[in-house]
Amino acid sequence: MHPIEEAFGKGCSLYKDVLQCPKDASAAQLRKAYYRAALLYHPDKNPDGHKQFQAISMAYQILKDKDMRDAYDESGEIPDTPDDDDDMGTSDKGNPWKEYFDRIFGKVTTSDIDAFSAKYKCSDEEKKDVLQQFVQRQGDLLQMLEFVMLSSEKDAVRWVEDYLRPALEANEIPTEYQLTMEKTLEKVQKKLSKQKDSEEQEDDDDDDATESEDDLPPVLRKPKRTVKKGKPTQTKKKKNDDMTDLIAQIQNKRRGGNSLLQSIASRYGVDDQDPLNDEEFTKVQARVESKRKKK
């Protein structure tokens with residue numbers, strides 16, 4: 001079986017099922033479809049999507065080549081790509097299909113994908129994709145999660161509330177799939193509930209472990225960290241040094257910076273309506289030095 005069919009099923013369409021683009025897609029549309037589809041299974045975000053990522057890259061390589069695309073359109077059979085025999089997806093030189101993707105779009109990091117995800121979710125583009133997949137997957141939310149990029153079970157719940165139910169009420173999508181949507185929504189919610197229970201159980205286990213340690217004899221408990229008192233911390237020392245430097249700067253520049261001087265003077269009890277004269281500045285400096293020595 002062809003690697004693309006192994007990933008997306010026997011008889012799958014390179015257009016509809018793999019790249020999710022129209023059959024008459026232009027080169028630019030193919031490129032965009034490849035990027036979007038590849039993000040679903042990008043190795044940095046989805047380690048288990050290796051086969052799909054490889055298949056998507058192969059599909060793009062086929063369709064962007066005019067001769068191979070014409071042959072596929074005519075016969076419906078997926079042709080072999082030049083690199084099929086080399087087992088590109090499992091070579092010892094990393095992941096050549098990822099390198100192929102990076103050559104086309106540049107290196108994509110997890111931060112890039114997260115930023116793209118934040119922009120994509122709740123957008124008109126996502127809504128369009130969700131409605132399209134609702135029709136293609138006949139309302140099956142579990143299948144939709146596999147084809148709407150960067151999605152999770154929580155997103156499926158949001159889709160129902162934000163996109164699908166309003167679209168069903170407006171007869172924008174087939175109502176015959178609503179029952180399937182509701183049934184698969186229950187499955188999604190049960191899965192989310194199990195995940196939540198599992199997380200809460202882990203938290204309880206951590207709390208029990210802490211309580212168990214408190215029951216141990218003192219000699220067996222882990223030593224607690226103690227905070228030494230006496231010497232000022234490095235932070236306090238730094239603040240004192242910074243204040244000393246500030247006073248030195250004021251001494252050098254106080255002729256040209258009345259607004260800054262007024263702010264400092266106000267903080268230490270001098271009327272901020274009047275510029276500091278020499279006598280007042282000496283008093284301020286003495287107060288600061290006195291506070292610094294006490295700390």
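Residue 47 in the UniProt record's numbering sits at position 47 of the sequence shown, with consecutive numbering throughout.
Here a beta-carbon is modelled for each residue, glycine too, at the ideal position from N, C-alpha and C.
Bear in mind the structure is a predicted one, so any value in this text is a computation, not a measurement.
Contacting residues, own chain, Cβ-Cβ under 7 angstroms from residue i (five flanking each side not counted)
i	result
Q195	none
Y35	F105
Q138	Y177 and T180
N171	none
F134	M144, L164, I173 and Y177
V148	D129, V130 and Q133
E126	Y120
Beta-carbon spacing of residue i, residue j below 9 angstroms
i	j	result
V160	L185	yes
L192	E146	no
I56	Y72	no
K45	L150	yes
A156	L141	yes
Y60	L39	no
Beta-carbon contacts of residue i that lie in its chain and below 8 angstroms, excluding the five residues immediately before and after
i	result
M1	K10
T175	L168
E5	G11, C12 and I78
Distance between residue j and residue i (C-alpha atoms, nearest Å)
i	j	result
P79	A167	39 angstroms
V18	Q201	39 angstroms
Q52	A118	23 angstroms
D129	V108	22 angstroms
P111	P22	The sequence as given places Ser at residue 111; Pro does not occur at that position. Distance between the alpha carbons of S111 and P22 is about 30 angstroms.
M68	D203	55 angstroms
S123	S75	38 angstroms
Y15	K190	33 angstroms
Q249	P47	With a pLDDT of only 49 at Q249, under 50, the local geometry of the prediction cannot be trusted, and no value is derived from it.
Sequence-distant residues of its chain with Cβ nearer than 6 angstroms to residue i (five each side left out)
i	result
G49	Y41
Minimum Cβ-Cβ distance from residue i to chain C less than 9 angstroms
i	result
T175	Within the model displayed, chain C is absent; a lone protein chain is all it includes.
query: If we count Cβ pairs, one from each stretch, closer than 8 angstroms, do we get three or more for the stretch 22 to 29 versus the stretch 97 to 107?
result: For the pair of segments examined, the stretch 22 to 29 was found not to touch the stretch 97 to 107: the number of CB pairs separated by less than 8 angstroms stays below three.
field: Residue ranges of each alpha helix (DSSP H) within the stretch 152 to 200, 4 or longer
entry: Here the runs fully enclosed are 153 to 159 and 165 to 169.
- prompt: What are the start and end residues of each continuous beta strand (DSSP E) run of 3 or more residues lying completely inside the stretch 86 to 145, in chain order?
  reply: Counting only unbroken stretches of 3 or more residues, no beta strand (DSSP E) element lies wholly within the stretch 86 to 145.
task: Enumerate, from N- to C-terminal direction, the unbroken alpha helix (DSSP H) stretches of 4 or more residues contained entirely within the stretch 28 to 76.
output: DSSP runs (the alpha helix (DSSP H)) wholly in the stretch 28 to 76: 50 to 63 and 66 to 75.
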